[in-house]
Structures are given as C-alpha cells and as structure tokens.
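Enquirer: Below is one structure. I have some questions about it.
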Amino acid sequence: MQSRVPNAQVLAQMGLELAEYEGLIGNMYDSAMDIRCMGDSLRQLRKLFKANFVTLILRVQDEPLLSPMMVAGDIELGEGGINHYAYYAKSTLFDGLPTDTVFTIDELMTDEEWVSSSFYLLFCQPHDCHQMLGADIRMPDGSTVRLRINRPRGQARFSQVERDMCAMLLPHLRRALHMHSLLDRSESLGSLYSQTISRMAVATIVLDENGTVVQLNPVAREIIASQDGLKVVGGRLEATYPSDNRELSRLVRNAFQRVKQGHAGLQIAEATSISRPSGKVSLGVVVELIPTQELVEGKGKPTVVVYVRDAVSKSLVSNVVTSQLYNLTPAETLLALELANGLSLEEASEALNIRRNTARAHLRSIFSKTGVRRQTELVRIMLNSVVALAGPQLPGLAKDAL
Numbered sequence: 001m002q003s004r005v006p007n008a009q010v011l012a013q014m015g016l017e018l019a020e021y022e023g024l025i026g027n028m029y030d031s032a033m034d035i036r037c038m039g040d041s042l043r044q045l046r047k048l049f050k051a052n053f054v055t056l057i058l059r060v061q062d063e064p065l066l067s068p069m070m071v072a073g074d075i076e077l078g079e080g081g082i083n084h085y086a087y088y089a090k091s092t093l094f095d096g097l098p099t100d101t102v103f104t105i106d107e108l109m110t111d112e113e114w115v116s117s118s119f120y121l122l123f124c125q126p127h128d129c130h131q132m133l134g135a136d137i138r139m140p141d142g143s144t145v146r147l148r149i150n151r152p153r154g155q156a157r158f159s160q161v162e163r164d165m166c167a168m169l170l171p172h173l174r175r176a177l178h179m180h181s182l183l184d185r186s187e188s189l190g191s192l193y194s195q196t197i198s199r200m201a202v203a204t205i206v207l208d209e210n211g212t213v214v215q216l217n218p219v220a221r222e223i224i225a226s227q228d229g230l231k232v233v234g235g236r237l238e239a240t241y242p243s244d245n246r247e248l249s250r251l252v253r254n255a256f257q258r259v260k261q262g263h264a265g266l267q268i269a270e271a272t273s274i275s276r277p278s279g280k281v282s283l284g285v286v287v288e289l290i291p292t293q294e295l296v297e298g299k300g301k302p303t304v305v306v307y308v309r310d311a312v313s314k315s316l317v318s319n320v321v322t323s324q325l326y327n328l329t330p331a332e333t334l335l336a337l338e339l340a341n342g343l344s345l346e347e348a349s350e351a352l353n354i355r356r357n358t359a360r361a362h363l364r365s366i367f368s369k370t371g372v373r374r375q376t377e378l379v380r381i382m383l384n385s386v387v388a389l390a391g392p393q394l395p396g397l398a399k400d401a402l
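Position 66 of the sequence shown, counting from 1, maps to 66 under the UniProt record's numbering, and the rest follow consecutively.
Here it is in structure tokens:
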C-alpha cells in the first residue's frame, strides 16, 4: 500500500488541488459522525477517477441476505445513502486477494478471461463496468471493506498514478470507517441502556452546563406533559411549588459546583421529593453529575442528569416475557401484572372483568408456579425480576401468546 512517488507529486499528476484533497479527506472523516458524508466522498472519487461507478462494500452478507453498500453512480440512493445488493463473495473473481493492496483487472487476468467470466457478464456488463480499480481494506476488528472503482469499456485503463492515488486514500478510509463503527457501537449501547431505563419507568432529564434541558426520555416527557409536580419553563426544569423548586435548584447548583471545583469524577448523587398538585404520592428525584473525560471545552454538553421516579406509575413490562418467565397462562399473566401495578385482588378482577372466584383460582395457580405464598411476595418478585428489562413484544407475537 506504498505509493511509488511522493504524495505531492501524485496530487499534481492527478490535477487535484490541495484544497480539493482536503475536502475529500474531510468528508471521509465527517462520515464518522454522519455516514452520508462518505457518499459525498465517493461522488468526489467518481469525478476524480472519471468513473461511472464507485462502490464501497461495507459488509458481505451470506445468502439470502443482502450486503450493505454505498454507491456513487447512476442509481437511486437508499435510506441514509446505503443500498443493499446481493454480493456472492466466494463466487467473485476477487475472493482471497491480499488486503490493503491496490489492484486492477489487468493484473488479475487477460481481457478475454475478464469479459467471458460469469461475474462480468452478470454484474458488470449490464452497467458498463469494464475497467476496475480496487482494494480490500482490512479493518482493525478483522473485517474487510471493499472499494471498487469502475469505468466504461471505452475509457482508458487505470494508470499507475491513479493506483498511487487510490493507495493514498486507503488509510483514511480505514480510519474514518473504524471511527464510525466505534461511535455507532457506543450510540447503540447508549440507546439500549436508555430504552431499558424507560421500561423500568424511570424518567431521565439531562441538563447542560447552563442548566438547560437538552434531553428527555419518553417517561420524562410524560411526566413533564402532565404538569403534575415538574415542568419545563424557558428551557429549564422547575418544580410546581416554590419550596420544592428551591431544593431542586440547590441540588442542580451543587452538581455544577463540583464541576467548577474539579470534582467531576466524583459520583455523588443527591435526592429530594417533589410534591404534586394532584395529591398523588410525591415524585422521587435524584440529581447526579454526568462523569466526563472531555479535555476540550464545549457548549451544550450533557453535564447533569435528573432521575425521576413516579411510585404510582404502572410498570412497563412485557406480557409475553412474564408468561415465559413463570410459565403463566395469558389470564394468569394479566392478573399478575395488575397486582404488580398495585391493585388489590378485587380491583384486579374488576379491571379484567372476571369473577372474584376466578381471580382467586388464577392467584392460587400463580402462587404455585412462582413459588410464593403471599400476594406481597408476588408483587416483590414481579417488580424485581427481569421482565422489565425485556423490550415490548411485537403485536403479532403478543396476539399469539395471549
């Protein structure tokens, strides 16, 4: 993957100004945050190499799955700039090539062998992809990303300087895609944790360094929308009653003060309760500093998280998972969930429109299957079990299970 001539000479021979090269590389690295920027880079490569198609095969999927690719060419782009096509890696002419090495078709076979190959006839000839310049890029995690640059039959073959230009770009492609992969993985895990917290009926309200609300999870949005104890005024979180609001503001200020004093690494959480105009049980609130290792000052960054728990809210658990976990029938599952939500046996039977004797029979069966003897024990194991950690079931699955 070494250029035969200095990079500056390659750029000059390609007719590429330094500003254009910086824009091309910049788009590659911007794709770490937004993969669509890689599409801009591929379109720049298409123009630079006078190609009709430039393709980046991100991952090869086995049949019958389609492989995600980014393509610059005369095609309709998919969602987010990603298209999915069949790619039969084992049946291509490029399986097992050395990684991080630029190649052209000329090096691999004669023109007669190329145009008579089934791969060319099936996938290349219909799109007039005759000339090919490419490389298989080895990623740090061991996977392979494939770059393919194609020209029509009437165009000139790829020159040595174009090979050198392609080789110059490979390290940047690798780093940009690797950064995107790491950020995407972190974002996916963060989203998973956030969804899990929401299913546990815990509201999370994230504040920036100025105390402005920057993020609410679905549970927090419901609590704020109810205007029953907490509200957002002018972008700031406030309690309904002045005394509660002063205490809430004090906890938030304390968290900010720890940042200013250089104690951001200390995991100190403070709690309070917020009274509700409706007369319902007070909201429980915990204020905690978000740990950070950021070295560069920035505005609008998450600084403090406020956790809110509504003790009287219904648990957000999956009927199917509850049934699977304790081997309950659909009717027993519904009764167990109503009891877990704080209803008495009589209230639960009315809510489910069943007779009390039927409810008692279901409860005895539930006790037998769960190994508990009292209703309070049943509520405890339901609230402390893993059922709240499971995602909501698909409607079709829920219908089949119940």
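Using N, Cα and C, we set each Cβ at its ideal position, and we do this for glycine too.
Since this is a predicted model, take the numbers as computed values, not measurements.
Thinking C-beta only, is I82 closer than 8 Å to V145?
Expert: Here residue 145 refers to the residue found at position 145 when the sequence shown is read from its first residue. Here residue 82 refers to the residue found at position 82 when the sequence shown is read from its first residue. No. Outside cutoff.
Enquirer: When you compare the CB positions of residue 406 and P64, do they come within less than 8 Å of one another, or not?
Expert: The structure shown does not extend to residue 406, since the chain spans only 1 to 402, so no value can be given for it.
Enquirer: In whole angstroms, what is the alpha-carbon distance linking A271 and L389?
Expert: Taking the first residue of the sequence shown as 1, we reach residue 271 at position 271. Taking the first residue of the sequence shown as 1, we reach residue 389 at position 389. Roughly 24 Å between the two C-alpha positions.
Enquirer: Can you give the beta carbon distance from L328 to A336, rounded, assuming they're within the 8 Å contact cut?
Expert: In the sequence shown, counting from the first residue as 1, residue 328 sits at position 328. In the sequence shown, counting from the first residue as 1, residue 336 sits at position 336. Going by Cβ atoms, the distance from L328 to A336 rounds to 6 Å, so yes, they are a contact pair.
Enquirer: If we count Cβ pairs, one from each stretch, closer than 8 Å, do we get three or more for the region 156–167 versus the region 116–130?
Expert: As far as the Cβ criterion goes, the region 156–167 does not touch the region 116–130, which means the pair count is below three.
Enquirer: Ignoring anything shorter than 4 residues or poking outside the region 180–249, list the alpha helix (DSSP H) runs there in chain order.
Expert: Whole alpha helix (DSSP H) segments, 4+ residues: 218–226.
Enquirer: Using 8 Å for Cβ pairs, my map puts Q375 next to L345. What's the rounded Cβ distance?
Expert: The count along the sequence shown starts at 1 and reaches residue 375 at position 375. The count along the sequence shown starts at 1 and reaches residue 345 at position 345. Contact flag correct, Cβ pair sits at about 7 Å.
Enquirer: Does V54 pass the burial test, meaning 16 or more other C-beta atoms within 10 Å, or should it be called exposed?
Expert: Position 54 of the sequence shown holds residue 54. V54 should be labelled buried.
Enquirer: Grouping DSSP H, G and I as helix and E and B as strand, with all else coil, what is V317?
Expert: Here residue 317 refers to the residue found at position 317 when the sequence shown is read from its first residue. Coil, per DSSP.
Enquirer: Here's a check: name, in chain order, each residue in its chain whose Cβ is nearer than 7 Å to the Cβ of D170, leaving out the five neighbours to either side.
Expert: For the purposes of this step, residue 170 is identified with residue 170 of the sequence shown, where counting begins at 1. Inspection of the sequence shows that residue 170 is occupied by Leu rather than by Asp. Once the five neighbours on either side are set aside, the close Cβ partners of L170 are M1, D100, A135 and I137.
Enquirer: Looking at C-alpha atoms only, which residue of V387, A32 and T212 is the closest neighbour of G235?
Expert: The residue given as residue 235 occupies position 235 in the sequence shown. With distances taken between Cα atoms, G235 lies closest to T212.
Enquirer: Going by C-alpha to C-alpha distance, which of L289, S188, S365 and I381 sits closest to N341?
Expert: Residue mapping note: residue 341 aligns to position 341 of the sequence shown, counting from 1. The residue with the shortest Cα to Cα distance from N341 is I381.
Enquirer: Would DSSP call L394 helix, strand or coil?
Expert: Translated into positions along the sequence shown, residue 394 becomes position 394. Caution is warranted here: a pLDDT of 44 is assigned to L394, below 50, making its placement in the model unreliable, and no coordinate value can be reported.
Enquirer: Along the beta strand (DSSP E) that carries E288, what are the first and last residues, could you check?
Expert: As a first step, residue 288 is located in the sequence shown; it is residue number 288 there, counting from the start. Residues L283 to L289.
Enquirer: In three-state DSSP terms, what is S3?
Expert: Position 3 of the sequence shown, counting from 1, holds the residue named residue 3. Any reading at S3 must be qualified, since the residue scores a pLDDT of 43, below 50, and its modelled position is unreliable; the value itself is stated next. In this structure, S3 counts as coil in the three-state DSSP scheme.
Enquirer: Below 8 Å on the Cβ atoms is my guess for L339 versus L378; work out the distance and round it to an integer in Å.
Expert: Position 339 of the sequence shown, counting from 1, holds the residue named residue 339. Position 378 of the sequence shown, counting from 1, holds the residue named residue 378. Yes, L339 and L378 are in contact; Cβ-Cβ is about 6 Å, under 8 Å.
Enquirer: How about R43: is its Cβ closer than 7 Å to a heavy atom in the ligand MG?
Expert: Ligands displayed in this structure: none; no statement on the ligand MG is therefore possible.
Enquirer: Can you say whether D400 is buried or exposed, counting buried as having 16 or more other CB atoms within 10 angstroms of its CB?
Expert: Along the sequence shown, read from residue 1 onward, the residue named residue 400 stands at position 400. Because the pLDDT at D400 is just 44, under 50, the model does not fix this residue reliably, and the point stays unresolved.
Enquirer: Among all the DSSP beta bridges, which residues are the ones paired with G134?
Expert: In the sequence shown, counting from the first residue as 1, residue 134 sits at position 134. For G134, which the question treats as bridged, DSSP gives the partners F103 and R148.
Enquirer: Over what stretch of residues does the alpha helix (DSSP H) that includes E17 continue unbroken?
Expert: As a first step, residue 17 must be located in the sequence shown, where it is residue number 17. Per DSSP, E17 belongs to no alpha helix (DSSP H) and is neither H nor E.
Enquirer: Take the Cβ of R221 as the centre, count every other Cβ of all protein chains shown within 10 Å, and call the residue buried at 16 or more, exposed below.
Expert: Taking the first residue of the sequence shown as position 1, residue 221 is located at position 221. Exposed is the call here.
Enquirer: Ignoring anything shorter than 3 residues, give me the beta strand (DSSP E) runs that lie fully in the region 15–80, in order along the chain.
Expert: For the region 15–80, whole beta strand (DSSP E) runs of length 3 or above, ordered along the chain, are 53–57 and 67–72.
Enquirer: Would you check if there are 3 or more beta carbon pairs closer than 8 Å linking the region 303–317 to the region 186–203?
Expert: Counting Cβ pairs under 8 Å, three or more are found: they touch.
Enquirer: Could you tell me the distance, in whole angstroms, from the CA atom of V320 to the CA atom of I223?
Expert: Numbered from 1 along the sequence shown, position 320 holds the residue referred to as residue 320. Numbered from 1 along the sequence shown, position 223 holds the residue referred to as residue 223. If you take the alpha carbons of V320 and I223, they lie about 27 Å apart.
Enquirer: Any idea what DSSP makes of P140, helix, strand or coil?
Expert: Along the sequence shown, one-based indexing puts residue 140 at 140. Residue state, collapsed to three classes: coil.
Enquirer: For R309, does the three-state DSSP call read helix, strand or coil?
Expert: By one-based count along the sequence shown, residue 309 stands at place 309. Correct three-state label for R309: strand.
Enquirer: What is the C-beta distance between A239 and L248, in whole angstroms, given that I count them as a contact (C-beta under 8 Å)?
Expert: As a working note, residue 239 is residue 239 in the sequence shown. As a working note, residue 248 is residue 248 in the sequence shown. With 8 Å as the limit, A239 and L248 qualify as a contact, their Cβ atoms being about 5 Å apart.
Enquirer: Here's the rule I'm using: 16 or more other beta-carbon atoms within 10 Å means buried, otherwise exposed. How should L397 be labelled?
Expert: By one-based count along the sequence shown, residue 397 stands at place 397. With a pLDDT of only 37 at L397, under 50, the local geometry of the prediction cannot be trusted, and the value read off the model is given with reservation. The residue is exposed, with fewer than 16 neighbouring Cβ atoms inside 10 Å.
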